[in-house]
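**Q** In order, the protein sequences belong to chains A and B.
Taking our numbering, the leading residue of the first sequence gets 130, the next gets one more, and so forth.
Taking our numbering, the leading residue of the second sequence gets 130, the next gets one more, and so forth.
A single structure is presented below for examination.
Number of protein chains: 2
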Amino acid sequence: MKIVALAGGVGGAKLAYGFAQILKPGDLTVIVNTGDDFEHYGLYICPDLDTVCYSLAHIADPLTGWGRAGDTYQSVEEAIKLGGPDWFKIGNKDLGTHLERTRRLKAGQKLSEITRDFCQYWGINSRVFPMTDDKVSTILITAEMGELPFQEYFVHQKCQPSIRAIKYSGADKAKPVPEIFDAIEAASLVVFCPSNPWVSIDPILSVQGIKKAMSKKKVIVVSPIIQGKALKGPAAKMFVELGIEPSAEAVADHYRGLIRGFVYDLLDINLKSKIDQKGIISYTTNTIMRNTTDKARLAEKIIKFSETI
Amino acid sequence: MKIVALAGGVGGAKLAYGFAQILKPGDLTVIVNTGDDFEHYGLYICPDLDTVCYSLAHIADPLTGWGRAGDTYQSVEEAIKLGGPDWFKIGNKDLGTHLERTRRLKAGQKLSEITRDFCQYWGINSRVFPMTDDKVSTILITAEMGELPFQEYFVHQKCQPSIRAIKYSGADKAKPVPEIFDAIEAASLVVFCPSNPWVSIDPILSVQGIKKAMSKKKVIVVSPIIQGKALKGPAAKMFVELGIEPSAEAVADHYRGLIRGFVYDLLDINLKSKIDQKGIISYTTNTIMRNTTDKARLAEKIIKFSETI
Numbered sequence: 130m131k132i133v134a135l136a137g138g139v140g141g142a143k144l145a146y147g148f149a150q151i152l153k154p155g156d157l158t159v160i161v162n163t164g165d166d167f168e169h170y171g172l173y174i175c176p177d178l179d180t181v182c183y184s185l186a187h188i189a190d191p192l193t194g195w196g197r198a199g200d201t202y203q204s205v206e207e208a209i210k211l212g213g214p215d216w217f218k219i220g221n222k223d224l225g226t227h228l229e230r231t232r233r234l235k236a237g238q239k240l241s242e243i244t245r246d247f248c249q250y251w252g253i254n255s256r257v258f259p260m261t262d263d264k265v266s267t268i269l270i271t272a273e274m275g276e277l278p279f280q281e282y283f284v285h286q287k288c289q290p291s292i293r294a295i296k297y298s299g300a301d302k303a304k305p306v307p308e309i310f311d312a313i314e315a316a317s318l319v320v321f322c323p324s325n326p327w328v329s330i331d332p333i334l335s336v337q338g339i340k341k342a343m344s345k346k347k348v349i350v351v352s353p354i355i356q357g358k359a360l361k362g363p364a365a366k367m368f369v370e371l372g373i374e375p376s377a378e379a380v381a382d383h384y385r386g387l388i389r390g391f392v393y394d395l396l397d398i399n400l401k402s403k404i405d406q407k408g409i410i411s412y413t414t415n416t417i418m419r420n421t422t423d424k425a426r427l428a429e430k431i432i433k434f435s436e437t438i
Numbered sequence: 130m131k132i133v134a135l136a137g138g139v140g141g142a143k144l145a146y147g148f149a150q151i152l153k154p155g156d157l158t159v160i161v162n163t164g165d166d167f168e169h170y171g172l173y174i175c176p177d178l179d180t181v182c183y184s185l186a187h188i189a190d191p192l193t194g195w196g197r198a199g200d201t202y203q204s205v206e207e208a209i210k211l212g213g214p215d216w217f218k219i220g221n222k223d224l225g226t227h228l229e230r231t232r233r234l235k236a237g238q239k240l241s242e243i244t245r246d247f248c249q250y251w252g253i254n255s256r257v258f259p260m261t262d263d264k265v266s267t268i269l270i271t272a273e274m275g276e277l278p279f280q281e282y283f284v285h286q287k288c289q290p291s292i293r294a295i296k297y298s299g300a301d302k303a304k305p306v307p308e309i310f311d312a313i314e315a316a317s318l319v320v321f322c323p324s325n326p327w328v329s330i331d332p333i334l335s336v337q338g339i340k341k342a343m344s345k346k347k348v349i350v351v352s353p354i355i356q357g358k359a360l361k362g363p364a365a366k367m368f369v370e371l372g373i374e375p376s377a378e379a380v381a382d383h384y385r386g387l388i389r390g391f392v393y394d395l396l397d398i399n400l401k402s403k404i405d406q407k408g409i410i411s412y413t414t415n416t417i418m419r420n421t422t423d424k425a426r427l428a429e430k431i432i433k434f435s436e437t438i
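Okay, structure coming up:
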């Protein structure tokens, strides 16, 4: 069974890992948000791509979900001593990825080609694609600080500023990586992982043609909102600031018209009647992934649920 | 006593360290070759500047003379695993310097300003200037491989190709760092450290105005050639390939018209009559610097010798 998963960072990477455990090699394709990508110390950093790849390669830091397991920090610590910015810490091993990616990009390789090569080196059996090889930047329009690029908002400002609007700068001109269309075409299921709708999934959907390519496919969303909160990150805060009460129901509304199945947490079972009124088929299960067993289990439940749609 | 020292990498850094030990804070100015600078993994690397600064800050690797003491290599090792070039290994701490320098250059700061700030962070009492803030590249024109940038020749090709000629690309348009003129003006002595004449000192002299600024100054050269050989690097091989027998005498000839004093090793005492015929005043002493005492001793001897000129 071929599945396409859309993913942002840690939450998305967890479910992608779950699918990778139970599908045949090559049957999982992950399309990853690159709206967070930015330049830091002259290097090209792709936080979500790296989180997904490190997770799939089982080399991610198990405590944070991002970065490399057992990493150390001398390089950036030295740069900080010399006056460099200290708000985005990069481990030594992680830095190796950014160094080689930057070298290859400067040599004219495409991000999707680089990612394919890296996945091969890391022994990843799934296919991982950045949503585009072009530059798309998620920009938060904030009340206090005006426009902030995602990492500036997320890491540097610790999600403090209030969001007024969000834009995906460059999305109108960006082209999806062509293999994405083949993967969607071949898939019997498209899953939006439990990633932030506003800054992880929507940037992917903003790239011309991706939404349309999925229009005839069975699309299932896993809600990243549980009991009105996000397990990690500012998704719930963003809903509030954009005038919407954060809930699994609000997530279902957010993707209305695009999805056919909706997976949400057992803790939100009280929302069942409201969600079922929305013309989508819903399924409730434990969606919190604490360990590898949880990840594979959730992936399995989603596949079984999809077969009922 | 104010001294200006011209230096390339390891040999030059040793003598600069010697002068720094015995002069008052601020009395030593080191003008450093940047013809070897290159981009690697997207980062801007200044091998000679770093070698001189690390030496003056007493944080250089005591075994190699370059790089940082006690450094580790995870970052570049990871990049190499991903397919990156392995011929120029950079330690983690050393990488911190390149990261912050690259960040600042991209933010529009000048290399000389960055170097000044770094020297302050490292507690260096001497003034260190890159020869120019503009791009000058030492290019080796080789028999086997055509034109090679310095690091490509020196590190990647291990100095194997035969030199036909050397050029300093960009030198005709490069402007010296302005403070260099003030430093030379204020100095009572200019010393060419025992660095490679062709690829360490000549690139500095190739920058418009530097030679002229020194024309009325007492200039002393310390020969990097001892008994026909260089302690380190390809200086002797370059003399041979350019049709000149390598010797302290050849070094004196190389700088003819520019220098007034010449310091060479006791092991070459047999060349004394030949060297003294060249219209320069010579001095012979032990020029091999094995430890910090040797460095300070040689610096002291040079200063005493200069007072006799």
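Virtual Cβ for every residue (Gly too), placed ideally from N, Cα, C.
Values in this document were obtained by computation on a predicted structure and should not be read as measured data.
1) Alpha carbon to alpha carbon, how far is residue 378 (chain B) from residue 369 (chain B)? Give it in angstroms, no decimals.
2) Residue 426 (chain A) touches chain B at which residues, Cβ-Cβ below 9 Å?
3) If we ignore side chains and look at the alpha-carbon of each, how far apart do residue 407 (chain B) and residue 214 (chain A) end up?
4) Looking at C-beta atoms only, is the number of pairs between the region 243 to 261 of chain A and the region 177 to 186 of chain A that lie closer than 8 Å three or more?
5) So what's residue 331 (chain A) in DSSP terms, helix, strand or just coil?
6) Please classify residue 235 (chain A) as buried or exposed, where buried requires at least 16 other C-beta atoms within 10 Å of its C-beta.
7) Any residues in the region 151 to 180 of chain A with a beta carbon nearer than 9 Å to a beta carbon of chain B? Which ones, in chain order?
8) Can you say whether residue 138 (chain A) is buried or exposed, counting buried as having 16 or more other CB atoms within 10 angstroms of its CB?
9) Run through the DSSP bridge pairs and tell me what residue 309 (chain A) is partnered with.
10) Are any of the Cβ atoms in chain B nearer than 8 Å to that of residue 205 (chain A)?
11) At least one CB of chain B closer than 8 Å to the CB of residue 221 (chain A): is that the case?
12) Give me the residue from B:143, B:158, B:195 and B:218 with the minimum Cα distance to residue 312 (chain B).
13) On a Cα-Cα basis, can you pick out the residue from A:399, A:175, A:380 and A:186 that is closest to residue 256 (chain A)?
14) For residue 398 (chain A), count neighbouring Cβ atoms within 10 angstroms of its own Cβ and tell me buried if that reaches 16, exposed if not.
15) In this structure, does DSSP put residue 257 (chain A) in helix, strand or coil?
16) For the candidate residues B:339, B:194 and B:380, whose alpha-carbon lies nearest to that of residue 359 (chain B)?
17) Near residue 143 (chain B), what residues of its chain come up, given a Cβ to Cβ distance below 6 Å and the 5 sequence neighbours on each side ignored?
18) For the region 204 to 222 of chain A and the region 260 to 280 of chain B, state whether three or more C-beta atom pairs, one from each stretch, are separated by less than 8 Å.
19) Between residue 229 (chain B) and chain A, is any beta-carbon pair separated by less than 8 Å?
20) For the region 370 to 383 of chain A, enumerate the residues whose C-beta is nearer than 9 Å to any C-beta of chain B, in chain order.
21) At what residue ranges does the region 166 to 213 of chain A contain a whole run of the alpha helix (DSSP H), taking only runs of 4 or more?
22) Check whether the region 326 to 336 of chain A touches the region 159 to 170 of chain A, taking contact to mean three or more Cβ pairs, one atom from each stretch, closer than 8 Å.
23) Just the chain E side, please: which residues come within less than 9 Å of residue 213 (chain B) by C-beta, in chain order?
24) Which residues in the same chain as residue 400 (chain B) place their Cβ atom closer than 8 Å to its Cβ, once the five residues preceding and following it in sequence are excluded?
25) Suppose you measure from the CA of residue 178 (chain A) to the CA of residue 259 (chain A); what does that come to, to the nearest Å?
26) Quick one: which unbroken alpha helix (DSSP H) runs of 4-plus residues sit fully inside the region 224 to 309 of chain A? Chain order, please.
27) Span of the beta strand (DSSP E) holding residue 412 (chain A)?
28) For my contact list, residue 365 (chain A) and residue 357 (chain A) are in at a C-beta cut-off of 8 Å; report their separation, rounded to the angstrom.
29) With three or more beta-carbon pairs closer than 8 Å as the criterion, would you say the region 299 to 306 of chain A touches the region 274 to 281 of chain A?
30) Sort out for me which residues DSSP pairs residue 319 (chain A) with in a bridge.
31) How far does the alpha helix (DSSP H) with residue 140 (chain A) in it extend, from its first residue to its last?
32) Mapping the DSSP letters down to three states, classify residue 336 (chain A) as helix, strand or coil.
33) Can you give me the start and stop residues for the beta strand (DSSP E) that residue 394 (chain A) sits inside?
34) Within 8 Å (strictly less), CB to CB, does residue 218 (chain B) reach chain A?
35) Using a C-beta to C-beta distance shorter than 8 Å, which residues of chain A count as neighbours of residue 250 (chain B)?
36) What residue range is occupied by the uninterrupted alpha helix (DSSP H) comprising residue 427 (chain A)?
**A** Let's see:
1) Between the alpha carbons of residue 369 (chain B) and residue 378 (chain B) lies a distance of about 14 Å.
2) Within 9 Å Cβ-Cβ: nothing; residue 426 (chain A) doesn't reach chain B, min ~32 Å.
3) So the alpha carbons of these two residues sit roughly 55 Å apart.
4) Taking a cut-off of 8 Å on C-beta distances, the region 243 to 261 of chain A touches the region 177 to 186 of chain A, as three or more cross pairs fall below it.
5) Secondary structure at residue 331 (chain A): helix, using DSSP grouped into helix, strand and coil.
6) By the neighbour-count rule (16 or more Cβ atoms within 10 Å), residue 235 (chain A) is not buried but exposed.
7) Listed in sequence order: 168, 169, 170, 171, 172 and 173.
8) By the beta-carbon neighbour count (other beta carbons within 10 angstroms, threshold 16), residue 138 (chain A) is buried.
9) None; residue 309 (chain A) has no bridge partner.
10) Yes, residue 205 (chain A) counts as interfacial toward chain B.
11) Chain B contact via Cβ: present.
12) Among B:143, B:158, B:195 and B:218, the Cα nearest to that of residue 312 (chain B) belongs to B:158.
13) Ranked by Cα distance from residue 256 (chain A), the options A:399, A:175, A:380 and A:186 are led by A:186.
14) The residue is exposed, with fewer than 16 neighbouring Cβ atoms inside 10 Å.
15) Note: residue 257 (chain A) maps to strand in three-state DSSP.
16) Here the closest residue by C-alpha is B:380.
17) The residues are 418 and 424.
18) Contact fails: fewer than three Cβ-Cβ distances are below 8 Å.
19) At least one chain A Cβ lies under 8 Å of residue 229 (chain B).
20) The residues in question: there are none.
21) Here the runs fully enclosed are 176 to 185 and 203 to 210.
22) In short, these stretches touch, since the Cβ pair count reaches three.
23) Given the protein chain composition of this structure (A and B), no chain E is represented.
24) Its chain contains 376, 377, 378 and 393 as the residues whose beta carbon lies nearer than 8 Å to that of residue 400 (chain B), once the 5 sequence neighbours on both sides are disregarded; these appear in chain order.
25) Using only the alpha carbons, I get a separation of about 7 Å.
26) Complete alpha helix (DSSP H) runs here, min 4: 240 to 250.
27) Its beta strand (DSSP E) spans residues 410 to 414.
28) 6 Å between Cβ atoms; contact.
29) No: the two stretches stay apart, fewer than three of their Cβ pairs being nearer than 8 Å.
30) BP columns for residue 319 (chain A) point to A:133 and A:348.
31) Start and end: 139 to 151.
32) When DSSP states are grouped into helix, strand and coil, residue 336 (chain A) belongs to the coil group.
33) Note, residue 394 (chain A): beta strand (DSSP E), 390 to 394.
34) Chain A, which has no Cβ nearer than 8 Å to the Cβ of residue 218 (chain B), makes this no.
35) Residues of chain A with a Cβ closer than 8 Å to the Cβ of residue 250 (chain B) are, in chain order, 210, 211 and 212.
36) First-last of the alpha helix (DSSP H) with residue 427 (chain A): 421 to 435.
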